[in-house]
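Number of protein chains: 2
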Amino acid sequence: MNNTKLKKGVRLGIDLGGTQLKAALVAEDGKVIRHQSFESPLRPHDFAKTLYHNVKTWLRPSLVGTGVAVAGDVDPTRGLVRFSPNLKWRNVPLKKILLKYPFPSPLLIENDATAAAWGVHHLDLAGQSRSLLVLTLGTGVGGGIVIDGKLYHGATGSAGEWGHMTIDPDGIPCGCGSRGCLETCVGGIYLVRKALSLLKSSPKNPLHRTGVTPKALYELALKGDPLSLKVWKEAGKALGIGLASLINIFNPDTIVFTGGVAGASKLLMRFADKEIKQRAFRTGRDRVRIRTSSHRTTVGVVGAALLVP
Amino acid sequence: MNNTKLKKGVRLGIDLGGTQLKAALVAEDGKVIRHQSFESPLRPHDFAKTLYHNVKTWLRPSLVGTGVAVAGDVDPTRGLVRFSPNLKWRNVPLKKILLKYPFPSPLLIENDATAAAWGVHHLDLAGQSRSLLVLTLGTGVGGGIVIDGKLYHGATGSAGEWGHMTIDPDGIPCGCGSRGCLETCVGGIYLVRKALSLLKSSPKNPLHRTGVTPKALYELALKGDPLSLKVWKEAGKALGIGLASLINIFNPDTIVFTGGVAGASKLLMRFADKEIKQRAFRTGRDRVRIRTSSHRTTVGVVGAALLVP
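Going line by line, the protein sequences match chains A and B.
Quick note: our numbering has the first sequence finishing at residue 309, numbered continuously throughout.
Quick note: our numbering has the second sequence finishing at residue 1309, numbered continuously throughout.
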């Protein structure tokens, strides 16, 4: 049984990341009918204009609405982007700006990780979870919460920021102003930094040739490179500590990873499992399913589209 | 507007702690009509019998149901106490045992901290919160979650165990098998241990006379005793780290403390505030109200009674 009923019809979904803009026409069952990716202009009005010119041939009266996912702190009730560090936006009334163009109504705006959680709920779980946590593991770490088939937003639309739960109170400084956040342990940008600092004392490591990226670190770890393995081991341990806390706090039936770094989730979980066993209550950890999204490239834009009820 | 509608009528509420048993008749508005406390026998059948003999004169056909709060891991759907370390119960079919006596039906069983959260929702907030976290600060640390006027249970009824979120991965061992749990930083039993260890190098500290209890620690801290202040300062700092994570994760509109140690919540918050400011996102921390229950002695038994819908 799918516990989330959506009106029949095709929606326009928009996923606005820091550099890339994805647009898609999506049916109520999550099927992508058309899609397109293009570079996103940074200024809100330019973004609206570029978007419109790229998708205007898709628009037709039968579309049932538009859902927009934005990387940043979003107020969904007002359609406002409070702050997006990636886009360098502050208090942008995005809904109002977009509605100057004839995009299908209703038009809903949501944080991108929250929208991705909604996409996972539909694409990976067919709406079957009652208590779902989604962790987006990418350059940063974000997430979303789906309870009883509904997105949980919190008081200001900012829930699900487990990237900024403290793992190590005296850990390294985080971009958010805190220290030792989960993001500083698992975020792609921090994995790269960690590797770079370790490389100083390993002048012959193959990473000097490949360049240091999460992908290179992953591939070398699979080949047994000790330095790369060390980076993933520490990240996995921190992820396990975070997951154990989330299991004790939420007692979820399902946890799903998505995002670029989630490609390494098996490796991460190899090191996370021990922490979960030590730290999470048995009842909760026996029940929860932890898995990786099979739709990592589309959950964002599909989730955005399916925001339209 | 109270977003939680309860049927009119009087309920029987039971709050079963490790040593004390509270019973009360409670109206749908949370008003306590009668109440009684007595020592709780440890064996489940003895408990049911004692309870019945103590409250049988209260029972009448007009009562609309019974709610029972138990310290431990409870499966509310089956009325089962999976595990209660305090009571030394394991897999006790409590609902079945209680229903051998003519207690009013329906009879619902719930974790005590979850029931207390429900009591806070009614007594302190008149049902007005949309996203409420309750922290029970006592010998241990527990809690409950109320979302959109409904208790959030999680997949197995075990949600809200923030006493066992990791604050310091290498912290002191916790009774749960993990290390550095919030409970090991703020739980009354750990405050006492911490003070005892500090006292070894303070032979003239007044705690030697008063005896070391959370209450004595609190009163001496108010008088400026450096050792007692140090204990609360470290506890407050850890509490702040935990609260910041919870604000980022849940983005709640309200956080309420209850339980014995919550009497010191102002003192704790004096040290917690700095951590919250440093670690929680501004939007979330600006919105959340953090306060202490005005009904600390009754939220448990009233919350239990009001489990009856």
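Note that CB positions come from ideal geometry on N, CA and C, so glycine has one too.
Using the rule of at least 16 other Cβ atoms within 10 Å of the residue's Cβ for burial, across every protein chain shown, is residue i buried or exposed?
i: P1169 (chain B); result: buried
i: N1091 (chain B); result: exposed
i: S1105 (chain B); result: exposed
i: P226 (chain A); result: exposed
i: G300 (chain A); result: buried
i: P203 (chain A); result: exposed
i: S1158 (chain B); result: buried
i: S1245 (chain B); result: buried
i: R60 (chain A); result: exposed
i: M1 (chain A); result: A caution first: M1 (chain A) carries a pLDDT of 38, below 50, which makes its placement in the model too unreliable to give a value.
i: I172 (chain A); result: exposed
i: I247 (chain A); result: buried
i: S84 (chain A); result: buried
i: D286 (chain A); result: exposed
i: G1211 (chain B); result: exposed
i: G79 (chain A); result: buried
I want to check one thing, is the minimum distance from the CB of residue i to the heavy atoms of the ligand GTP below 7 Å?
i: A1069 (chain B); result: Because no ligand of any kind appears in the structure shown, any question about the ligand GTP cannot be addressed here.
Could you spell out the range, first to last residue, of the alpha helix (DSSP H) harbouring residue i?
i: A1048 (chain B); result: 1044–1055
i: I167 (chain A); result: Where I167 (chain A) is concerned, there is no enclosing alpha helix (DSSP H), given that its DSSP letter is neither H nor E.
i: V1026 (chain B); result: Run containing V1026 (chain B): none in the alpha helix (DSSP H); it sits in the beta strand (DSSP E), 1020–1026.
i: I1276 (chain B); result: 1265–1279
i: I97 (chain A); result: 94–98
i: V1288 (chain B); result: Looking at the DSSP string, V1288 (chain B) is not in any alpha helix (DSSP H), and its letter there is neither H nor E.
i: D112 (chain A); result: 112–123
Could you work out which residue in the options is closest to residue i when comparing CA atoms only?
i: G236 (chain A); options: A:Y218, A:V146, A:Q128, A:S105; result: A:Y218
i: N111 (chain A); options: A:K88, A:V81, A:Y101; result: A:V81
i: A1116 (chain B); options: B:L1042, B:G1067, B:T1156, B:P1085; result: B:G1067
i: K56 (chain A); options: A:R285, A:E161, A:Y101, A:C174; result: A:Y101
i: A1305 (chain B); options: B:T1166, B:V1074, B:D1073, B:L1107; result: B:L1107
i: E28 (chain A); options: A:K8, A:R34, A:L94, A:H295; result: A:K8
i: G263 (chain A); options: A:A238, A:R282, A:S294; result: A:S294
i: G1149 (chain B); options: B:G1018, B:L1207, B:P1252, B:A1280; result: B:P1252
i: Q318 (chain A); options: A:V308, A:K215, A:T297, A:W232; result: Residue 318 (chain A) lies beyond the range of chain A shown here (1 to 309); nothing can be said about it.
i: I1167 (chain B); options: B:T1156, B:G1157, B:T1184; result: B:T1184
i: A71 (chain A); options: A:T19, A:T210, A:V186, A:K266; result: A:T19
i: K266 (chain A); options: A:D75, A:G180, A:D73, A:R291; result: A:R291
i: I1255 (chain B); options: B:A1238, B:G1284, B:K1274; result: B:G1284
i: P1214 (chain B); options: B:H1121, B:E1275, B:N1205, B:W1232; result: B:W1232
i: P1309 (chain B); options: B:S1228, B:L1125, B:L1151; result: B:L1151
i: E39 (chain A); options: A:M269, A:D15, A:Q278; result: A:D15
i: L133 (chain A); options: A:R279, A:K5, A:G242, A:V10; result: A:G242
i: F1103 (chain B); options: B:G1140, B:L1125, B:N1054, B:L1182; result: B:N1054
i: V1114 (chain B); options: B:V1074, B:Q1278, B:K1277; result: At residue 1114 (chain B) the sequence reads Thr, which differs from the Val that was named. Answer by Cα proximity: B:V1074.
i: L1239 (chain B); options: B:C1174, B:E1275, B:L1051, B:H1208; result: B:E1275
i: R125 (chain A); options: A:G140, A:V146, A:V141; result: Arg is not the amino acid found at residue 125 (chain A); the sequence shown has Leu there. When each option's Cα is compared against that of L125 (chain A), the closest is A:V146.
i: S129 (chain A); options: B:A1155, B:S1129, B:W1058, B:Q1128; result: B:A1155
Determine, using beta carbons only, whether residue i and residue j come nearer to each other than 8 Å.
i: W1089 (chain B); j: P1044 (chain B); result: yes
i: V1288 (chain B); j: G1013 (chain B); result: no
i: L1135 (chain B); j: F1257 (chain B); result: yes
i: L87 (chain A); j: I109 (chain A); result: no
i: G143 (chain A); j: W162 (chain A); result: yes
i: G160 (chain A); j: G260 (chain A); result: no
i: F1250 (chain B); j: S1131 (chain B); result: yes
i: L229 (chain A); j: V186 (chain A); result: no
i: G17 (chain A); j: H122 (chain A); result: no
i: A1195 (chain B); j: L1207 (chain B); result: yes
i: A24 (chain A); j: V32 (chain A); result: yes
i: V1141 (chain B); j: L1063 (chain B); result: no
i: Q1278 (chain B); j: G180 (chain A); result: no
Determine the chain D residues that contact residue i at a beta-carbon separation under 7 Å, and present them in chain order.
i: M165 (chain A); result: You won't find chain D in this structure, because its protein chains are A and B.
Just reading off the beta strand (DSSP E) that residue i is part of, what are its end residues?
i: G67 (chain A); result: 66–70
i: D73 (chain A); result: 73–75
i: T1297 (chain B); result: No beta strand (DSSP E) contains T1297 (chain B), which DSSP labels as neither H nor E.
i: L182 (chain A); result: First-last for L182 (chain A): 182–186, but that is the alpha helix (DSSP H), not the beta strand (DSSP E).
i: Y101 (chain A); result: Looking at the DSSP string, Y101 (chain A) is not in any beta strand (DSSP E), and its letter there is neither H nor E.
i: I1147 (chain B); result: 1141–1147
i: R1034 (chain B); result: 1032–1039
i: L1133 (chain B); result: 1131–1137
i: S84 (chain A); result: 80–84
i: R1060 (chain B); result: Here R1060 (chain B) belongs to no beta strand (DSSP E), and DSSP marks it neither H nor E.
i: K150 (chain A); result: 150–152
i: G13 (chain A); result: 11–16
Checklist entry - Which runs of the alpha helix (DSSP H), 4 residues or longer, sit entirely within the region 1192–1262 of chain B? => result 1207–1210, 1214–1222, 1226–1250
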